[in-house]
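Once you know that position 46 of the sequence shown is 47 in the numbering used here, the rest is easy, because the numbers rise by one and skip nothing.
Here a beta-carbon is modelled for each residue, glycine too, at the ideal position from N, C-alpha and C.
Just so we're clear, the structure is a prediction, and the values are computed from it rather than from any experiment.
Structure first, then comments.
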Amino acid sequence: MIPRLQTSDAPRADTAGFFERLVEAGFSGDADAGAATRTVFSTDNSIYQMEPSAVVFPKDVEDIKILMRVLSETRFETMQVVARGGGTGTNGQSLTTGLVVDCSRHMNRILEIDPARRIARVEAGVVKDQLNVALREHGLFFAPELSTSNRATIGGMVSTDACGQGSCLYGKTSNHVLGLRVILSDATDWWSHPLDDASLAEVMARTDRIGQIHRTIDRIARDDGARIAEVFPRLNRYMTGYDLAHIRRDDGRFDLNAILCGSEGTLAVIAEIELNLLPIPEHSALVNIRYADFNAALEDARRLTELNVASVETIDEKVLGLAKGDIVWSGIARFFPDDGEHSTNGINIVEVLADNPAELRLKVEAVTSALQGEAEIRSKGHTIASAAADIESIWNMRKRAVGLLGNVDGPVRPVAFVEDTAVPPANLAAYIREFRALLDGAGLSYGMFGHVDAGVLHVRPALDLTRKDHVPLIREITDAVVALTRKHGGVLWGEHGKGVRSEYVPEFFGDLYPRLQEIKRAFDPANRLNPGKIATPDNEPLMKIDDVPLRGSVDREIGNSIRAAFDNAAYCNGNGACFDFDATSPMCPSYKATRNRIYSPKGRAALMREWLRLLAERGVDPRREAERLGKSGKALGFVRRTFNTLNPANRSDFSHEVREAMDTCLACKACAGQCPVKVSVPAFRSKFLNLYYGRYLRPLKDPLVASIESTLPLMARFGSLYNLLVCSSPGRAVMRLAGLTALPGLASSPLPRLAARMGVEIARPDRIESLPPDQRERVVIFVPDAFTAHFDPSVGVAAIEVARLLDLIPFITPPLTNGKALHVHGYLDRFRKAALKTSGELQRLAATGVPLVGLDPSMTLAFRSEYRELNGVNTSTHVLLPQEWLADVSKLKDMAGVTRSGRQFRLLPHCTERTNAPSSSMQWKTIFNAFGMDLQIANTGCCGMAGTFGHEVRNRDISEKLYGMSWSAEVARSEDMVTMATGYSCRSQVKEVDRRRLPHPLETLSDALKTMRRKVE
């Protein structure tokens, strides 16, 4: 039994009474100093870890002003404040031991869009892609491109002056900022816009802090202009933050925003942003060029940038290899074909934009013609992508590159600390050769990719920072890279901000660093806003890269063997792909519904990692505890669990906070498929719940849900009584007391009974083997899950009909316990027993050489994932999804046109299917095309039911909210078409919320084949 785990929840001296004072002052947002929140906010996408004292979530600008006023009071004047955006910084920009201000939860409103003036005004927590989705109908977009654009907040983009692919054409965030509404440390509310000389003089005449700020910066611009021109490099990626070189705009106006953009929250809290917008390019194409050598790709990139292209992106062989194992690869593989014996060790992706097709064609021809010249010796070939969906998919692969570098086995993994250097593009190839020599000399592996047109290449050396001999390499490599960038006329921070690397600021700014200190002093004289970053007002030290706590020190306590045993939870690198704002993206539904970062894969992984550390601190190995649980007596275990549940001393157990985060997980496994690092929350969640409920009592619903597969056959005998219970008001009230709701009614006849009436035999190995060879090769065995068999058996009937109409011989397996519900709720011993028995049965059937086909995607895919997590369970049996089976049925090749239909068909796939079997939707599309039916795949997120999740009372609000985010609109617009859903739980949710029944694709195909048969007859 695991022990009670304690964390330090006592308020620090400087925060005592702070929350009460906030409420008293009128703060309407959220505030949290709990261990779970502090743990989740202690990391970002960097190698560092700093636990904040608390986190506040303001609801509006007034809340920020109240916050800053309260912080100005004497008793709170020592509290440090750091604003945080998407939390994906690679250099610890928003990490602090002080107070975190997170605007992403509530301040995410688009306040104004003016298409005529091409201006948008947004709150700081708006996500970049969120804004661009809203702008699309106006033909406009916010230009700076980022690999994290689906979770990067615009406030965070301003704070780091973010940019990425296409910056040579579109510039950086600062190039598109028209105005900033900022709150200073003394609660001053100021809209910063470019000022002409008259307006500047008026502002400088003020006697408050605003006047002081403008006077200071204007003096620096006048007195040090010549020196600024000497020190600041003439790069596309000029030094961000405190940008002295651009205080005066080209039109002569004074622009305070040049100082604020990239200042990383060290000067003010950004509340609102006014942005310049651009027209969406009319036409675009990507030329994808393959190389046998990465250096050849770099050399070619220089010539390609001279061809009037929009951008050139380069990826090395390591990143490319990782991409081939990622969920996105199936959609873009044809653009990067294998070239026989010679592998591709580098690619250039060249983007071409134009206003019309003719111009696009000419620009593409200019690139391809150049490839036929002397560059032909270096390149191995190229492809062209011109369809919008293909272009988006290729860019998505490139965006995922940074996360993919973390998707390797073992503790030695690529980490970010020197990954965004920038040098003049003409020097890049030579610079990279020396950079690679540096890393090769240290014996380190690494991955490289980046924006070669801008002279920026992302490099992540692979280290294990739990190893004490690897920790000093951070200093050694960083110092060497700093010297290397200076040698080649570049900077250490070309894209991702300074953060913990601020110790190098004086070296790069030289004798101008005291001017940065003057600016900091004018804005934040008490050094309370993100102190230690970029500049300090007096002689306080800047942060040093080896003085800030490393994640590796925590991981060292856990140990590599335990880290490896918990499904990448401890290897989450904080890239934040699970914070995707898009409601139609499968990952992560609980975060989308709550906007609470605790309820995300990143949040749950952070909590699991801390839980493992606390266990290690107590000398407890969770694997051994799980073994002991399986051997302990049930009666004694129940007594202990009852005592622990009722004992008040256990109320502060950190395990409760972890469990609360796990409770909102839908176990949809989108993270297991979509997370670049393959963090699998359902896998480590089940291990946690198994141990947690070895110490505490389970809720009443758990044993009811866990036993559903074994009890359904019995319930089917009393179907009328059960249906009365779940369909009547008194019955529903009783079930709600047990924690269950929205329960479906049983079908009048379960599938085994219906199959028997149809003359379908139960599959037995000896019976299959007794068939003549010509019959055996026509056999298909369906593996129905208990839910489809008893609640929606018409799907199974349709499968049988499709098989027979294709001249095949269908069988069904005897009732088998899949065990997924057991796994989801952490009954791991019972799950293991069920899996051993079921896998044995399936293996004996598979040995006959006939295909096994499941009906529900989630249950079928459990054979490929949950089963494979168990040692000793035979996982060689491959149970096919229906579309995988049909894709191999040769008769389908002769169906085209025979059943052609003028009706529209639309498929809403199960989210587990989308993310863990990424080619499955296209297989359905191919099959329907073979039947002469045009199938469209709907772009939807999670329906909210997710197995048993939506049937639990505590989850129902989240479940229905998720349904409303993407499914309800799709179902509503499908009145005039045949809309289908593959997942049983999805169809159950539609029936519960919209009182409609969506057919399974097999039912639609069965109807099509019957129609064809009637026509033939």
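#1: By how many angstroms is the C-alpha of R610 removed from the C-alpha of A371?
#2: Which residue comes first and which comes last in the alpha helix (DSSP H) that contains V133?
#3: With distances taken Cα to Cα, identify the nearest neighbour of S795 among M759, P145, R777 and Y828.
#4: What separation, rounded to the nearest whole angstrom, lies between the Cα atoms of H952 and A286?
#5: How about D454 and C164: do their beta carbons lie closer than 7 Å?
#6: DSSP puts A286 in a beta bridge; with which residues?
#7: Could you tell me the boundaries of the alpha helix (DSSP H) in which H657 lies?
#8: If you reduce the DSSP assignment to three classes, tell me which class F143 lands in.
#9: Looking only at its chain, what residues have a beta carbon closer than 7 Å to the beta carbon of D219, apart from the 5 residues adjacent to it on each side?
#10: DSSP three-state call for Q937: helix, strand or coil?
#11: Could you tell me whether the Cβ atoms of T537 and N531 are closer together than 7 Å?
#12: Go ahead and pull the three-state DSSP assignment for P811.
#13: Can you name, in chain order, every residue of its own chain whose Cβ lies under 7 Å from the Cβ of K66, other than the five neighbours on each side?
#14: Sort K319, G577 and G797 by Cα distance to T983 and report the nearest one.
#15: Exposed or buried, what is F639 when buried is set at 16 or more other beta-carbons lying within 10 Å of its beta-carbon?
#16: Is the number of C-beta pairs between the segment 961 to 979 and the segment 686 to 696 that are closer than 8 Å three or more?
#17: Where in the segment 676 to 715 do unbroken runs of the alpha helix (DSSP H), each at least 4 residues long, occur, reported from the N-terminal end onward?
#18: Could you name the residues that DSSP lists as bridge partners for W192?
#19: Is the beta carbon of V102 sitting closer than 7 Å to the one on V57?
#20: How big is the Cα-Cα spacing for E496 and D209?
#21: In whole angstroms, give me the CA-to-CA distance for R768 and P1002.
#22: Please classify H452: does DSSP put it in a helix, a strand, or coil?
#23: Which runs of the alpha helix (DSSP H) at least 4 residues long sit entirely within the segment 965 to 1016? Give them in chain order.
#24: From Q94, E124 and A836, pick the residue whose C-alpha is nearest to that of S160; which is it?
#25: Can you say whether F637 is buried or exposed, counting buried as having 16 or more other CB atoms within 10 angstroms of its CB?
#26: For the alpha helix (DSSP H) that contains L823, what are its first and last residues?
#27: Quick check on W396: buried or exposed, where buried means 16 or more other Cβ atoms within 10 Å of its Cβ?
#28: Could you pull the DSSP bridge partners for V57 from this structure?
#29: Between which two residues does the alpha helix (DSSP H) harbouring A931 extend?
#30: Please report how far the alpha carbon of V353 lies from the alpha carbon of L305, in whole angstroms.
#31: In angstroms with no decimal places, state the Cα-to-Cα distance between S969 and M978.
#32: Is it buried or exposed, Q50, if we count other Cβ atoms within 10 angstroms and call 16 or more buried?
#33: Count the other C-beta atoms from every protein chain shown that fall within 10 angstroms of the C-beta of E377, then say buried if there are 16 or more, exposed otherwise.
#34: Measure from the alpha carbon of H383 to the alpha carbon of each residue in P338, D224 and D857, then state which is nearest.
#35: Which whole-angstrom value describes the C-beta separation of P590 and G942, a residue pair presumed to lie in contact below a C-beta threshold of 8 Å?
#36: Taking DSSP's pairing of strands, which residues face L464 in a bridge?
Well, looking at it:
#1: Start at 1 with the first residue of the sequence shown, and residue 371 comes out as number 370. Start at 1 with the first residue of the sequence shown, and residue 610 comes out as number 609. The straight-line gap from Cα to Cα measures roughly 51 Å.
#2: By one-based count along the sequence shown, residue 133 stands at place 132. Note that residue 133 is Asn in the sequence shown here, rather than Val. Per DSSP, N133 belongs to the alpha helix (DSSP H) from K129 to L136.
#3: Working through the sequence shown from its first residue, we reach residue 795 at position 794. Closest option to S795, Cα to Cα, is M759.
#4: Taking the sequence shown and counting its residues from 1, the one referred to as residue 952 is at position 951. Taking the sequence shown and counting its residues from 1, the one referred to as residue 286 is at position 285. Going by the C-alpha atoms only, they are around 46 Å apart.
#5: The sequence position of residue 454 within the sequence shown is 453, counting from 1. The sequence position of residue 164 within the sequence shown is 163, counting from 1. Not in contact: D454 and C164 (Cβ atoms no closer than 7 Å).
#6: Within the sequence shown, numbered from 1, the residue matching residue 286 stands at position 285. Bridge partners of A286: V353.
#7: In the sequence shown, counting from the first residue as 1, residue 657 sits at position 656. It spans F655 to D664 - the alpha helix (DSSP H) in which H657 sits, taken as one unbroken run.
#8: In the sequence shown, the residue the question calls residue 143 occupies position 142. Residue state, collapsed to three classes: coil.
#9: Taking the sequence shown and counting its residues from 1, one reaches residue 219 at position 218. So the qualifying residues of the chain are L201, M205 and F255.
#10: Here residue 937 is taken as the residue at index 936 of the sequence shown, counted from 1. Correct three-state label for Q937: strand.
#11: For the purposes of this step, residue 537 is taken as residue 536 along the sequence shown, with counting starting at 1. For the purposes of this step, residue 531 is taken as residue 530 along the sequence shown, with counting starting at 1. Not a contact, by the Cβ cut-off of 7 Å.
#12: Translated into the one-based positions of the sequence shown, residue 811 becomes position 810. P811: strand per DSSP, three-state reduction.
#13: In the sequence shown, residue 66 corresponds to position 65, counting from 1. Closer than 7 Å at the Cβ level, and outside the excluded window around K66, lie I184, A188 and D190.
#14: In the sequence shown, counting from the first residue as 1, residue 983 sits at position 982. Considering only alpha carbons, the answer is G797.
#15: Here residue 639 corresponds to residue number 638 of the sequence shown, with the count starting at 1. Exposed is the call here.
#16: no
#17: 682 to 693 and 702 to 707
#18: The sequence position of residue 192 within the sequence shown is 191, counting from 1. When beta bridges are read from the DSSP output, W192 appears opposite R182.
#19: Along the sequence shown, read from residue 1 onward, the residue named residue 102 stands at position 101. Along the sequence shown, read from residue 1 onward, the residue named residue 57 stands at position 56. In this structure, V57 lies closer than 7 Å to V102 by Cβ.
#20: Counting from 1 along the sequence shown, the entry for residue 496 is found at position 495. Counting from 1 along the sequence shown, the entry for residue 209 is found at position 208. Cα-Cα distance, rounded: 34 Å.
#21: Here residue 768 corresponds to residue number 767 of the sequence shown, with the count starting at 1. Here residue 1002 corresponds to residue number 1001 of the sequence shown, with the count starting at 1. Roughly 30 Å separates the two Cα atoms.
#22: For the purposes of this step, residue 452 is identified with residue 451 of the sequence shown, where counting begins at 1. Strand at H452.
#23: 969 to 973 and 985 to 995
#24: As a position in the sequence shown, residue 160 is number 159, starting the count at 1. The residue with the shortest Cα to Cα distance from S160 is Q94.
#25: Working through the sequence shown from its first residue, we reach residue 637 at position 636. First, the residue type needs correcting, since residue 637 is Leu and not Phe in the sequence shown. Exposed is the call here.
#26: On the sequence shown, residue 823 is found 822 positions in, with the first residue counted as 1. Residues K821 to V825.
#27: Numbered from its first residue, the sequence shown carries residue 396 at position 395. Per the 10 Å Cβ criterion, buried.
#28: Position 56 of the sequence shown, counting from 1, holds the residue named residue 57. A32 and V102.
#29: Position 930 of the sequence shown, counted from the first residue, corresponds to residue 931. Run containing A931: S921 to A931, per the alpha helix (DSSP H) assignment.
#30: Translated into the one-based positions of the sequence shown, residue 353 becomes position 352. Translated into the one-based positions of the sequence shown, residue 305 becomes position 304. Spanning the two alpha carbons is a distance of roughly 11 Å.
#31: If you number the sequence shown from 1, residue 969 lands on position 968. If you number the sequence shown from 1, residue 978 lands on position 977. One C-alpha to the other measures close to 15 Å.
#32: Translated into the one-based positions of the sequence shown, residue 50 becomes position 49. Using a 10 angstroms sphere on the CB of Q50, the tally of other CB atoms reaches 16 or more, which defines it as buried.
#33: On the sequence shown, residue 377 is found 376 positions in, with the first residue counted as 1. Here E377 scores only 47 on pLDDT, less than 50, and its place in the model is too uncertain to base an answer on.
#34: Within the sequence shown, residue 383 is the residue found at index 382, counting from 1. The option with the nearest alpha carbon to H383 is P338.
#35: For the purposes of this step, residue 590 is taken as the residue at position 589 of the sequence shown. For the purposes of this step, residue 942 is taken as the residue at position 941 of the sequence shown. The beta-carbon separation of P590 and G942, rounded to 6 Å, stays under the 8 Å limit for a contact.
#36: Position 463 of the sequence shown, counted from the first residue, corresponds to residue 464. L464 pairs with R414.
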